[in-house]
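K.L.:
Before anything else, here's the structure in question.
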Amino acid sequence: MTNTKIGRNQPCPCGSGKKFKHCCDGIDNNPPHLQELFADLQQIALSNPGLSREDLEAVVAARMHAQNSKPLTDLCGLSPEQMHNWLNAPWNAWQGVEFSTPADVSGSPVMRYLGILLDNLLEAGGSIRLTTKGNLSVRIVQQCSDIADQLPSVGELSHVSLSEYRGRNEDDFNALHYTRLNAELAGILYRRSGRLHFKKDAQKKYQKEGLGGFYADMLASAARQFNWAYLDAYSDEIGLQELWLFMLWRLQSHCCIPQLAQEVAVVVGPMLEQLPHCEYASREQQLISIVSTRFVWRFLGFFGLVRHLENTGSFLTSGQVEFTPLMAASFKFMP
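If you read the sequence shown in this note's numbering, its first letter stands for residue 35, the second for the next number, and so on.
Structure, rendered in structure tokens:
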């Protein structure tokens with residue numbers, strides 16, 4: 035019995051939830067679960083020499099389904115099949131998860147900044163000139179900085195030179211820069227010949243659906259296309275980004291970043307050892323910082339799904355997260 039009996043796009047029997055071709059396919063020393071499965075299937079084949087290829091493949095499929103349908107402690111009770119779905123399904127086609135666009139997305143910093151950008155673009159006929167560095171003008175940056183105190187998910191802002199939600203130019207205004215890049219990834223905006231353009235089909239969508247029409251597009255681009263390592267100097271050895279839905283599920287259940295990091299460490303397994311040695315922080319502490327910064331602070335915080343008391347560094351000091359009403363209006367996890 036060989037690995038080729040398992041479809042390469044099926045969930046890997048090791049329980050990771052990843053596709054077989056991205057996990058244990060071709061690995062000489064397979065995990066115990068996989069070794070046991072292959073041994074059982076080989077015994078079935080030897081004990082039933084009259085089985086046709088089709089019959090044997092049916093046995094493999096049945097055993098695979100049974101194996102992948104079992105909830106696993108390492109996945110906090112998810113089955114490999116559901117984890118595979120969360121990692122690979124199209125947006126809003128997840129098992130046990132419902133996504134909705136809230137009636138009001140103004141509580142999201144990203145969406146507020148996007149609204150300012152789009153209105154400026156429409157007023158200018160669909161395109162605006164960028165600076166020589168390819169950034170937004172100081173005038174637009176100032177407009178976005180001016181609404182910082184109006185953002186319900188942000189409190190106790192840091193000084194403008196340190197804040198993620200304010201800046202004197204786009205280079206030092208992370209939340210705005212993040213917004214523009216994701217709007218480009220989402221196919222709403224594009225750059226050409228030193229100008230930023232509002233795509234024609236996106237303009238029609240904006241006129242028809244309003245700002246909320248881009249909420250799912252922006253979230254999807256931030257979750258799946260944007261490089262989470264872009265805005266920091268942390269190691270990118272751990273594939274944290276593909277686990278975003280799993281992390282959201284876990285965090286909304288207990289609101290504790292250190293606990294979330296422990297759960298992620300179990301899922302990524304030996305990959306944790308790929309984090310660089312650091313004299314001042316263990317790999318586990320590094321993982322807490324990476325989860326805090328990339329997932330909680332930036333992804334959830336920039337979209338207004340969690341409350342961020344920026345000046346207190348609350349995520350790193352207390353490890354506790356407070357979700358906003360926007361989160362409850364956007365994602366619902368069913369037991």
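Quick reminder that beta carbons are idealized off the backbone N, C-alpha and C, glycines included.
Source: prediction; values computed, not measured.
Can you tell me whether DSSP reads E356 as helix, strand or coil?
P.N.:
Coil, per DSSP.
K.L.:
Applying the criterion that 16 or more other CB atoms from any shown protein chain within 10 Å of the CB defines a buried residue, is T213 buried or exposed?
P.N.:
Buried.
K.L.:
Sort S142, E243, M117 by Cα distance to L277 and report the nearest one.
P.N.:
Comparing Cα-Cα distances from L277 to each of S142, E243, M117, the minimum goes to M117.
K.L.:
Counting beta carbon pairs with one atom in the segment 289-301 and one in the segment 260-280, are three or more of them shorter than 8 Å?
P.N.:
Enough Cβ pairs lie closer than 8 Å, so yes.
K.L.:
Using only the alpha-carbon positions, how far apart do A363 and S287 sit?
P.N.:
Roughly 16 Å between the two C-alpha positions.
K.L.:
Please check the pair F133 and A250, which I expect to be a contact at CB under 8 Å, by giving their CB distance rounded to whole angstroms.
P.N.:
The Cβ separation is near 7 Å, so the contact holds.
K.L.:
Rounded C-beta distance between R229 and I162? I'm assuming under 8 Å.
P.N.:
Contact flag correct, Cβ pair sits at about 6 Å.
K.L.:
Hey, L339 and M305 are a contact pair by Cβ (cut 8 Å); roughly how many whole angstroms apart?
P.N.:
Not quite, the Cβ-Cβ distance comes to about 26 Å (not below 8 Å), so this is no contact.
K.L.:
What number of angstroms, rounded off, separates the C-alpha of K104 from the C-alpha of N126?
P.N.:
If I take the Cα positions, the gap works out to 23 Å.
K.L.:
Taking the alpha-carbon positions, what's the V175 to W331 distance?
P.N.:
Each residue's Cα considered, the two are about 21 Å apart.
K.L.:
Would you decide whether T38 is buried or exposed? Buried here means 16 or more other CB atoms lie within 10 Å of its CB.
P.N.:
Because the pLDDT of T38 is 41, which lies under 50, any placement of that residue in the model is unreliable, and the question is left without a value.
K.L.:
Does G189 come out as helix, strand or coil in the three-state DSSP assignment?
P.N.:
The answer is strand: DSSP assigns G189 an E or B state.
K.L.:
Going by Cα to Cα distance, which pick from A257, V93, G201 is closest to R173?
P.N.:
Selected option, being the one with the closest Cα: G201.
K.L.:
Below 8 Å on the Cβ atoms is my contact criterion, and I expect F329 with P143 to pass it. Report the Cβ-Cβ distance as a whole number of Å.
P.N.:
Wrong, their Cβ atoms sit about 16 Å apart, outside the cutoff.
K.L.:
Within the chosen definition, does the segment 227-241 reach the segment 154-168 through at least 3 CB pairs nearer than 8 Å?
P.N.:
Verdict: yes, contact present.
K.L.:
Using the rule of at least 16 other Cβ atoms within 10 Å of the residue's Cβ for burial, across every protein chain shown, is L109 buried or exposed?
P.N.:
Buried: at least 16 other Cβ atoms inside 10 Å.
K.L.:
Just verifying my parser: in three-state terms, what is the DSSP assignment at Y268?
P.N.:
Residue state, collapsed to three classes: coil.
K.L.:
Entirely within the segment 261-306 and at least 3 residues each: give me those beta strand (DSSP E) ranges in chain order.
P.N.:
Runs found: none.
K.L.:
For S323, report the span of its alpha helix (DSSP H) as first-last.
P.N.:
Here the alpha helix (DSSP H) through S323 covers 317-324.
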